[in-house]
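2 protein chains.
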Amino acid sequence: MRIVVDAMGGDHAPAAQVEGAVRAVQELPVEVILVGDEPSIIKQLEGKEFDRSKLFVIHTTEVISNNEPPLKAIREKKNSSMVVAANMLKNDQADAFVSAGSTGALLGAGTLLVGRIKGVERPALAPALPSDKGPWLLVDAGANVDCKPSHLLQFAIMGSIYMSEVMGIMEPRVALVNVGEEEKKGNELTKAVTPMLKAAPIHFTGNIEAREIPMGKADVIVCDGFVGNVILKLTEGLAQMFMGNLKNIFYRTPVTKLGALTVKKGLVDFKKKMDYTEYGGALLLGTRYPVIKAHGSSNAKAMFYAIKQANKFAEAKVTEKIAEEMKQSLKENTNAD
Amino acid sequence: MRIVVDAMGGDHAPAAQVEGAVRAVQELPVEVILVGDEPSIIKQLEGKEFDRSKLFVIHTTEVISNNEPPLKAIREKKNSSMVVAANMLKNDQADAFVSAGSTGALLGAGTLLVGRIKGVERPALAPALPSDKGPWLLVDAGANVDCKPSHLLQFAIMGSIYMSEVMGIMEPRVALVNVGEEEKKGNELTKAVTPMLKAAPIHFTGNIEAREIPMGKADVIVCDGFVGNVILKLTEGLAQMFMGNLKNIFYRTPVTKLGALTVKKGLVDFKKKMDYTEYGGALLLGTRYPVIKAHGSSNAKAMFYAIKQANKFAEAKVTEKIAEEMKQSLKENTNAD
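Chains as they are written, first to last, in the working numbering: chain G, 47 to 383; chain U, 47 to 383.
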């Protein structure tokens, strides 16, 4: 497998990107192409030991920032690390693509340059989030803030294929975010999509209220991108608030600091359970080849896990299986006409 | 002030309702009317000391449960505690109404029996939620899962009036839940309402991302009821998950239990900050007279605080001030035509 990495995207680029890539070629059966400013990349590579036949550098001169209009940037910055990397994926020079750069620009590059799988109406952004019982997949986390029922149906199918093929979950439980458990509850969108989800080739377990989301009751949780963005960011914000308060409580006096020592292991384990950098990045589901959006604040470890995930994403042939499923459902719809 | 309380609604009815009401007449300048099954209420009152001239019981024979279709129940169960209490409010026999019963039925009773303030398109459900810097008001938390821009505008105005009149906040900061801070971000609804919020007689501070919600950056946070319901319930679910994990960490061994003792005070204070039973219940904003929805799981303490809040809600003449503001904006709209 060959993974192309946008070396210039993210808060800690290119250092974190280069270090993550080096660890990837050391530990995983992958080759990595780093795309970005060659002198900066070479400088970061200095002194590092790795198999040079497995790591390549492609020089680019431009960078897309978080602050520019994403689609305009994609169109105009032809020699940016993101555009060049996306085109390499499209042109079969790599099997998967990882970037910690602008989410909007990556969505644009995924849709416009890499292209959609035939039949997929809207690619979705799908991060894995922590629960009491392990990670689950949120689809969509913000790529599509206004959704039609058919979009949500496709999110459910794509998420289910990923969780089964990559995570090895038999019959992933797919749930729909709603304001109540009863089938009749919901807004226009959830009411319209419910019968479609019931008829889809997935294990649909019905509605899930947001209160139940952290309990690990579903493997794939489906909602429109506005709601998904709220779920993603509120989880981050509340976790940060809790951890911050806990820290203050423990750092108050020498005695509390001593108390903290007794539970240190437990807290570290819990923090690790909540830390989703090890899950990799967010998937772009529905593009023709695998694209991974690493968190903007990714460190070297997070980049390594994102590359590892990209490798699994490509190895499990998820995009091919989504394409197969879409073809099937397009055929069924045509027959039904 | 006279507060009418649905004695039969809620998981711990009528015991919690009666005990909360007794405490209210002991500690607050209020009279309370308990509406429900008289023998059960009388039994709960036995042995309690309070001024009998301040507490009344109205006997009813029916109860509306959480499991029946709310509007049908409101129409058919004329002698239910909720319907009788709502009608007493409407007929000026009380100044405010508190129920811990079915949310759907209470919304129905509020809209159909108590009635909307002239000009208010949709009453909203508005609970106070905890943040690092004290409570803030969420409007709407689930009464209206499909919203028009004009609904959100009214939520913002009503929430702002409540926070200024009842909570004494000068120029409450009103923010709109969105997927990014930039004004151009959002779905069709948020894009349409943004210019309306900027022109409204409120202190609109712009978009708020869900990550920032727990940081206490706004006093009133506005969104459609589907999104609001997700915010409310995810906050509950994550708080529960964190506290549960923390408990497990501390109860692991005798040594960790000793460690827990050192931070007990800090944890109790933090839990108290997060515990919103002391904020009272959720407001119904937009009904002609004050209605409070207490949490279904309310204990006596929560019922007491809900009655206290109902008293402040009525005393501050919030409904009158909302009516005045609506009249003003109706007039402006007519002049503009």
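We put the CB at the ideal spot given by N, CA and C, even for glycine.
Asked: 8 Å Cβ cut-off: residues of chain U touching ILE338(G); Found: Correct list: empty, because the minimum Cβ distance to chain U is about 20 Å.
Asked: Beta carbon of GLY205(G) nearer than 8 Å to that of ALA172(G); Found: yes
Asked: Under 8 Å between C-beta atoms of LEU117(G) and GLY154(G); Found: yes
Asked: Ranges of the beta strand (DSSP E) found wholly within the region 208–293 of chain U, counting only runs of at least 3; Found: 219–223, 249–254, 266–268
Asked: GLU114(U) versus GLY332(U): straight-line alpha-carbon distance, rounded; Found: 25 Å
Asked: DSSP state of SER50(U) mapped onto helix, strand, coil; Found: At residue 50(U) the sequence reads Val, which differs from the Ser that was named. Strand, per DSSP.
Asked: Segments of 4+ residues assigned as alpha helix (DSSP H) that fall wholly inside the region 133–190 of chain U; Found: 149–154
Asked: Buried versus exposed call for SER99(G) [16 or more other C-beta atoms within 10 Å across all chains shown]; Found: exposed
Asked: When LYS124(G), LEU80(G), ILE120(G), SER111(G) are compared against HIS105(G), the one with the closest alpha-carbon; Found: LEU80(G)
Asked: Cutoff 6 Å; reference LYS89(U); Cβ partners in own chain excluding five residues on either side; Found: none
Asked: Meets three-Cβ-pair contact criterion under 8 Å: the region 367–381 of chain G and the region 51–64 of chain U; Found: no
Asked: Contact list for the region 274–295 of chain G against chain U, Cβ threshold 7 Å; Found: ASN275, VAL276, ILE277, LYS279, LEU280, THR281, GLU282, GLY283, LEU284, MET287, PHE288, ASN291, ILE295
Asked: Range covered by the beta strand (DSSP E) that runs through ILE338(G); Found: 337–339
Asked: C-beta contact flag for ILE120(U) and ALA151(U) at 8 Å; Found: yes
Asked: Own chain residues within Cβ distance below 7 Å of GLU217(U), not counting five before or after; Found: HIS249
Asked: Beta-carbon proximity check, LEU160(U) vs VAL337(U), cutoff 8 Å; Found: Note that residue 160(U) is Val in the sequence shown, not Leu. In this structure, VAL337(U) lies closer than 8 Å to VAL160(U) by Cβ.
Asked: ILE87(G) versus LEU101(G) - alpha carbon distance; Found: 11 Å
Asked: Short CB-CB distance (under 8 Å) between ASP383(U) and chain G; Found: In this prediction, ASP383(U) scores a pLDDT of 49, lower than 50, which makes its location untrustworthy; the coordinate-derived value is nonetheless stated afterwards. For ASP383(U), the answer is no, since every Cβ of chain G falls outside 8 Å of its Cβ.
Asked: Interface positions of the region 247–265 of chain G facing chain U (Cβ-Cβ less than 8 Å), listed along the chain; Found: GLU255, ALA256, ARG257, GLU258, ILE259, PRO260, MET261
Asked: Expected contact under 8 Å - CB spacing of GLU371(G) and ILE207(G) to nearest Å; Found: 7 Å
Asked: Closer than 8 Å to chain G by CB, LEU376(U); Found: no
Asked: Any 3 or more C-beta pairs closer than 8 Å across the region 172–183 of chain U and the region 263–275 of chain U; Found: yes
Asked: At least three beta-carbon pairs within less than 8 Å, the region 251–261 of chain G to the region 225–237 of chain G; Found: yes
Asked: Neighbour flag for PHE359(G) against chain U, beta carbons, 8 Å; Found: no
Asked: MET372(U) beta carbon near the ligand NAP (any heavy atom closer than 7 Å); Found: Among the ligands in the structure shown, none appear at all, so the ligand NAP cannot be discussed.
Asked: When ILE49(U), VAL191(U), LYS373(U) are compared against PHE272(U), the one with the closest alpha-carbon; Found: VAL191(U)
Asked: Endpoints, beta strand (DSSP E) assigned at ALA59(U); Found: From DSSP, ALA59(U) is part of no beta strand (DSSP E); its letter is neither H nor E.
Asked: Span separating the alpha-carbon of LYS354(U) from that of LYS237(U); Found: 38 Å
Asked: Residue burial classification, SER196(G) (beta-carbon count within 10 angstroms, cutoff 16); Found: exposed
Asked: Check whether ILE163(U) and ARG334(U) have beta carbons under 8 Å apart; Found: yes
Asked: Reduced DSSP category for ALA328(U) - H, G, I as helix; E, B as strand; rest coil; Found: strand
Asked: Cutoff 8 Å: PHE201(G) Cβ touching any chain U Cβ; Found: no
Asked: Any chain G beta carbon closer than 8 Å to GLU366(U); Found: no
Asked: Cutoff 8 Å: ASP83(G) Cβ touching any chain U Cβ; Found: no
Asked: DSSP three-state assignment for THR365(U), whether helix, strand or coil; Found: helix
Asked: Minimum Cβ-Cβ distance from ASP178(G) to chain U less than 8 Å; Found: yes
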